[in-house]
Amino acid sequence: MGAGFGRMVHVMAEVLIAGGAGFIGANLARRLVAAGHSVTVLDNFWSGRRANMAGMDVRLIEGDVREPIAGRYDWVFNLACPASPPRYQRDPVFTLTTSIDGMRQVLALARRCGARVVHASTSEIYGDPLMHPQTETYWGHVNPLGPRSCYDEGKRVAETLAMEARRAWGVDVRVARIFNTYGPFMDPADGRVVSNFIMQALHGEALTLYGEGRQTRGFQFVDDLLAGFMAYVAKPRAEVDAFFAAKGMALPVLNLGNPEEITVRELADEVLRLVPSGGGIVSRPLPKDDPHRRRPDIAWARDCLGWEPRVHLREGLSRTVAYFREGPAAGYMNA
């Protein structure tokens with residue numbers, strides 16, 4: 005589907021990626037540039053990495069998404085917010101205001117210049133779900149006062165802002181609820197399970213398993229997510245509006261994730277097959293409010309975009325291991 009995107013869009017777009025120096029943003033920027041689009045990256049490098057910008061033909065603005073955004077764009081991808089628990093819990097107020105005030109500024113920009121917005125929401129808005137798998141109509145089971153709430157609730161409010169901007173101002177805003185995603189340009193120190201396991205294995209350390217590893221996830225390689233983003237942003241508004249009106253939805257919302265559910269213990273075993281480590285596995289207590297089961301229902305993404313993940317876990321992990329071996333594992337703290 006990624007290759008097809010270049011055929012779907014014939015006019016070069018002016019694109020802003022808020023949070024473009026992060027893991028997903030760095031991959032997205034490269035994909036857009038390769039397709040011939042003009043890309044501007046806005047990032048304050050709070051969690052994004054300067055090393056991710058190396059060798060890219062983009063315009064870089066070092067700034068805060070919570071402040072007014074200048075310029076005129078055709079498309080805006082709002083990826084601005086730390087996404088791993090250790091990072092977003094480091095400064096919960098910053099995380100919350102980045103989601104809420106950042107979304108307000110993105111929507112104000114889109115209203116002013118008529119930009120189409122794809123907002124990166126998250127499976128975390130479902131919390132520790134009571135519905136399984138999770139559909140876009142599920143309201144979630146979120147603790148509003150827990151250690152993860154700054155991220156969960158910030159993303160939920162951002163979706164509400166998107167809905168109201170669409171109703172009041174006609175902004176063409178589309179929400180992607182992203183499930184666990186991995187791949188090149190991940191920060192080795194960001195605390196996500198895939199990067200943790202790979203870095204520990206490469207350094208011969210024990211893999212840290214929280215709880216008994218029975219919690220489940222669907223792990224999506226970043227190339228699959230990008231294919232979903234690109235199909236989403238390229239789809240004509242009339243077709244998007246008609247699809248979601250038929251679903252009774254006031255806001256276009258799609259789950260983008262891998263419905264192939266595995267346990268975290270199975271993920272650890274798969275990493276150890278690729279990177280044999282003498283350290284084995286050690287267990288730690290399960291963090292508070294960590295979801296026990298998570299699996300996206302992607303029927304709407306299939307119907308609306310013709311999209312589904314295509315990269316098998318072992319292939320995606322192999323490519324991610326190769327990325328870490330080539331650089332980050334050797335001294336990422338200087339990146």
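Heads up: the sequence shown is residues 5 to 339, going by our numbering. All residues carry an ideal CB built from backbone N, CA and C; glycine is no exception.
- Burial of TRP311 is indicated by the presence of at least 16 other C-beta atoms within 10 angstroms of its C-beta.
- Excluding the 5 residues flanking it on each side, SER287 has same chain C-beta neighbours closer than 6 Å at LEU213, in chain order.
- Remark: three or more beta-carbon pairs, one from each stretch, lie closer than 8 Å, so the segment 275-282 and the segment 203-217 are flagged as touching.
- Just so you know, the alpha carbons of PRO148 and VAL268 end up roughly 25 Å apart.
- As the crow flies, the alpha-carbon of PHE98 is around 28 Å from that of ASP78.
- According to the DSSP assignment, SER42 belongs to the beta strand (DSSP E) that extends over 42-47.
- As for any beta strand (DSSP E) of minimum length 3 sitting wholly inside the segment 36-92, the runs are 42-47, 63-66 and 79-82, ordered along the chain.
- One thing to note: ARG314 has its Cβ no nearer than 9 Å to the Cβ of GLY261.
- For GLY320, same chain residues with a beta-carbon under 6 Å away, outside a window of 5 residues either side, are PHE225 in chain order.
- The beta carbons of PRO300 and PRO89 sit about 19 Å from each other, so the pair does not count as a contact at 8 Å.
- In this structure, ALA30 and ASN48 do not form a Cβ contact; the two beta carbons are roughly 15 Å apart against a cut-off of 8 Å.
- In the structure shown, ARG115 adopts helical secondary structure according to DSSP, grouped into three states.
- Excluding its 5 nearest sequence neighbours in each direction, ILE129 has C-beta neighbours in its own chain below 8 Å: GLY144, VAL146, ASP156, LYS159, ARG160, GLU163 and ARG181, listed in chain order.
- At a Cβ-Cβ threshold of 9 Å, ALA84 and ARG54 do not count as neighbours.
- Counting only residues of its own chain and dropping the five nearest sequence neighbours on each side, ASP68 has a CB closer than 6 Å to the CB of ASN48.
- In the DSSP assignment, ALA162 falls within the unbroken alpha helix (DSSP H) covering 153-173.
- Counting along the chain, the unbroken alpha helix (DSSP H) around ARG241 starts and ends at 241-250.
- The residue from GLY150, ARG35 and GLU270 with its alpha-carbon nearest to that of VAL197 is GLU270.
- Beyond the five residues adjoining it in sequence on each side, ALA119 comes within less than 7 Å, by CB distance, of TYR77, ASP78, TRP79, VAL80 and LEU113 in the same chain, given in chain order.
- For ILE21, the uninterrupted beta strand (DSSP E) segment begins and ends at 18-22.
- The closest CA to that of PRO151, considering only ALA166, ASP105 and ARG91, is found on ARG91.
- Rounded to whole angstroms, the gap between the alpha carbons of GLU243 and GLY284 is 51 Å.
- In the same chain as ARG218, and ignoring 5 residues on each side of it, the C-beta atoms closer than 8 Å to its own belong to THR267, VAL268, ARG269 and HIS296, in chain order.
- In the DSSP assignment, SER199 falls within the unbroken alpha helix (DSSP H) covering 197-206.
- Your pair ASP176 and ARG115 does not check out as a contact, with CB atoms roughly 10 Å apart and the cut at 8 Å.
- Going by DSSP, LEU255 is part of no alpha helix (DSSP H) at all; its letter is neither H nor E.
- For GLY232, the uninterrupted alpha helix (DSSP H) run begins and ends at 226-238, by DSSP.
- Taking all protein chains in view, the Cβ of MET234 is crowded by 16 or more other Cβ atoms within 10 Å, so the residue is classified as buried.
- When secondary structure is reduced to three states using DSSP, GLY284 falls in the coil class, being assigned neither helix nor strand.
- Only buried fits ALA33, as 16 or more other CB atoms lie within 10 angstroms of its CB.
- For GLU274, the enclosing alpha helix (DSSP H) has its first and last residue at 268-278.
- DSSP lists GLY222 as the bridge partner or partners of GLU265.
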